[in-house]
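Structure record follows, encoded as structure tokens.
Protein chains: 2
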Amino acid sequence: MTLKQIGEFSLIDLIKEDTVHNKDTVIEGIGDDAAVVSTTEGYLQLLTTDMLVENIHFNLNFTDFYKLGNKAIAVNLSDIAAMGGVPRQALISMALPKDTEIKNILELYKGMKDICKKFSVNIVGGDTVSTFGPIVINVALVGEVKKENLVKRSGAQVGDLLLVSGALGSSAAGLEILQNDLKDKFDFAKELIKKHLVPNPRVELGQLLGKNKATSIDDISDGLASECNEIASASQVGIRIYKEKIPVSKEVHAVAEYLNKSYVDYALYGGEDFELLFTMNPRDLENFSKKNIADIFVIGEIVNVKEGVTIVDFDGQSTILEAKGYNHFR
Amino acid sequence: MTLKQIGEFSLIDLIKEDTVHNKDTVIEGIGDDAAVVSTTEGYLQLLTTDMLVENIHFNLNFTDFYKLGNKAIAVNLSDIAAMGGVPRQALISMALPKDTEIKNILELYKGMKDICKKFSVNIVGGDTVSTFGPIVINVALVGEVKKENLVKRSGAQVGDLLLVSGALGSSAAGLEILQNDLKDKFDFAKELIKKHLVPNPRVELGQLLGKNKATSIDDISDGLASECNEIASASQVGIRIYKEKIPVSKEVHAVAEYLNKSYVDYALYGGEDFELLFTMNPRDLENFSKKNIADIFVIGEIVNVKEGVTIVDFDGQSTILEAKGYNHFR
Chain A
8 MTLKQIGEFS LIDLIKEDTV HNKDTVIEGI GDDAAVVSTT EGYLQLLTTD MLVENIHFNL
68 NFTDFYKLGN KAIAVNLSDI AAMGGVPRQA LISMALPKDT EIKNILELYK GMKDICKKFS
128 VNIVGGDTVS TFGPIVINVA LVGEVKKENL VKRSGAQVGD LLLVSGALGS SAAGLEILQN
188 DLKDKFDFAK ELIKKHLVPN PRVELGQLLG KNKATSIDDI SDGLASECNE IASASQVGIR
248 IYKEKIPVSK EVHAVAEYLN KSYVDYALYG GEDFELLFTM NPRDLENFSK KNIADIFVIG
308 EIVNVKEGVT IVDFDGQSTI LEAKGYNHFR
Chain R
8 MTLKQIGEFS LIDLIKEDTV HNKDTVIEGI GDDAAVVSTT EGYLQLLTTD MLVENIHFNL
68 NFTDFYKLGN KAIAVNLSDI AAMGGVPRQA LISMALPKDT EIKNILELYK GMKDICKKFS
128 VNIVGGDTVS TFGPIVINVA LVGEVKKENL VKRSGAQVGD LLLVSGALGS SAAGLEILQN
188 DLKDKFDFAK ELIKKHLVPN PRVELGQLLG KNKATSIDDI SDGLASECNE IASASQVGIR
248 IYKEKIPVSK EVHAVAEYLN KSYVDYALYG GEDFELLFTM NPRDLENFSK KNIADIFVIG
308 EIVNVKEGVT IVDFDGQSTI LEAKGYNHFR
């Protein structure tokens, strides 16, 4: 059965089920002109949106509809995490060719619903339209944050340490495996591919960082180099990172070596790891580390704006780290 | 200059200006991982989204980038109006080919910014991505409504009158003029085309209706027939409308006659008029009419659910009014 056969309204009936997990906040979900939701007193609202385009952001030869739905939500959750917030309500818009199989659309929604359920996010509305072109998925996500827990990109201070919440470059290495058809070459291939196709947004950690005086956070969507430059520019500071301190798994090393590429480049420019890059005062970090057992890695420090954003090589040589990375339209 | 030449980040710098009109509510606009906004105490939040796809929803041979931007916002404002709400914050996502001229994108944003300014709506974020296919524009809009002013689609009561806020079919007639190249045939062509390309969302009226006990509202996006069926179904009532009472301008009559079509069909199935269809108790309507000078037209009444949704012809003959209209994928 295809979309053309059942039409837009029947589709809405099919996807309505299992969309509201946090019932107290939803007065009216899918079905009216707008969704009606309540907010939490004393909280600020966070609004974010991400658009995924077929053959630009995803390739249905590599992923499937379930994983695609999952990732479309995950990338938005990651943005809310990067503000220290709690994700709440999602709006889902999709442009789909008329001959799209209904079972594929339901799989896409299943992927969205499962991750929404995991993070107690309600799907409260959306728009489904037809297209003669590639599939386009847009998610708009509303989150909340207590005023005192809000962490902006602009709060990094000279003397802060720069940290990252997990190993980097795995998503890029996973994509390399897919693009170079190396699935059978490495016995860990599946794990790296999963890092790329089903990223795990660091929502709980983002909230912990908000409660524990992180001075800035950015999620790693475009690569470490790009995110470092964003924090530096927004905070009007310099950043010095140390190549040797960047956490990269031995599996990523292996893929890079096999392809005769630099594993550090995967971490710096690959992007889509969706780990959190953040800054914290050394004393606050000590308190935070005592309280929380989390994989976090100090990779550098915040320095005077005049120093710019630099990376220190194994031999102590320092070079400017440019904001290359995944920039659309280039 | 094209998008490819300047890249995503430079584009963001270009469009940032003049996006925040209601400064008190915006803590952080365009630029961070998510926008940060405050809500009004005692208000509920309204969330809506609409996606426009090139050659499905718009045709750049008929419209221009400015008008397109304007309409992309207008259709969302109309959804907030249909809940009795006040529009507040907008997120704009766009998929654009890499060779899109920057001046066209700025025109698109100008169209969005001007209507946002008119309704005091802030543009607080978005996503701009590349595509190999048609242009896709998604707007997600956040509004607010006092709990007691919220008007859902589901509140129509037997005995209520059914009203519409203005003449119908004009947008469809405007589209006919464009599609049949009749611009030079009618001296009023420009006005009807404008109704189609630059719809005027009834935001103030929606708020007035919310304050004046309208029992249900729907905005006319898919055509009167479809919207009547939506109110009937959501409210579990029947609806009887009278063909003779449906307001249609003499210009629409003229276009229909010229094309040998039914002017009533334009009103019933054309859609995109973005007038409000609403129901009100006769006594409340009397009070409302005394207080407010607005062009509103009684076109029918709410009846028992068993009667279904019917239209009464000039000769008193009654027929079932099916929910035909602009249904995607059919």
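Residue numbers (my numbering), protein chains in the order written: chain A, 8 to 337; chain R, 8 to 337. Just so you know, even glycine gets a beta-carbon here, dropped at the ideal spot from N, CA and C.
- When DSSP states are grouped into helix, strand and coil, A/I200 belongs to the helix group.
- The beta-carbon of A/R209 is placed no less than 8 angstroms from the nearest beta-carbon of chain R.
- The shortest CA-to-CA distance from R/L266 to any of R/A79, R/D291, R/F193 is the one to R/F193.
- Not a single C-beta of chain A is nearer than 8 angstroms to the C-beta of R/V33.
- A/I13 is bridged by DSSP to nothing; it lacks a bridge partner.
- For R/I122, the enclosing alpha helix (DSSP H) has its first and last residue at 109-125.
- A check of alpha carbon separations from R/G173 across R/I306, R/I87, R/D320, R/T70 identifies R/I306 as the nearest.
- In the structure shown, the three-state DSSP call for A/P94 is strand.
- For A/I184, the secondary structure class from DSSP, reduced to helix, strand or coil, is helix.
- DSSP places A/L148 within a strand segment (E or B) once states are collapsed to three.
- Taking C-alpha positions only, A/D226 is separated from A/I63 by approximately 20 angstroms.
- With distances taken between CA atoms, A/I19 lies nearest to A/T135 out of A/T135, A/M119, A/V128, A/N129.
- Between A/E108 and A/N83, the alpha-carbon positions lie close to 26 angstroms from each other.
- R/Q96 counts as buried, since at least 16 other C-beta atoms from the protein chains shown sit within 10 angstroms of its C-beta.
- Between the alpha carbons of R/I318 and R/G245 lies a distance of about 11 angstroms.
- Among the CB atoms of chain A, one or more fall inside 8 angstroms of the CB of R/S137.
- Under the three-state reduction of DSSP output, A/S325 falls in the strand class.
- Residues of the region 148-159 of chain R that bring their beta carbon within less than 7 angstroms of a beta carbon in chain A comprise V149, G150, L157, K159, in sequence order.
- Here R/V312 carries a helix assignment [DSSP, helix/strand/coil].
- DSSP places R/N83 in the uninterrupted alpha helix (DSSP H) bounded by 72-88.
- Taking a Cβ-Cβ threshold of 7 angstroms, none of the residues of chain A is close to R/S325; the smallest such distance is about 24 angstroms.
- Distance from the CA of R/F281 to the CA of R/G140, rounded to the nearest whole angstrom, comes to 28 angstroms.
- Going by beta carbons, A/F65 and A/L75 fall inside the 8 angstroms limit.
- Contact note: R/D226 reaches chain A through D40, using a C-beta cutoff of 9 angstroms and chain order.
- In the DSSP assignment, A/G213 falls within the unbroken alpha helix (DSSP H) covering 210-218.
- Counting only runs of 4+ residues, the alpha helix (DSSP H) found wholly inside the region 214-289 of chain A occupies 231-242, 257-265, in chain order.
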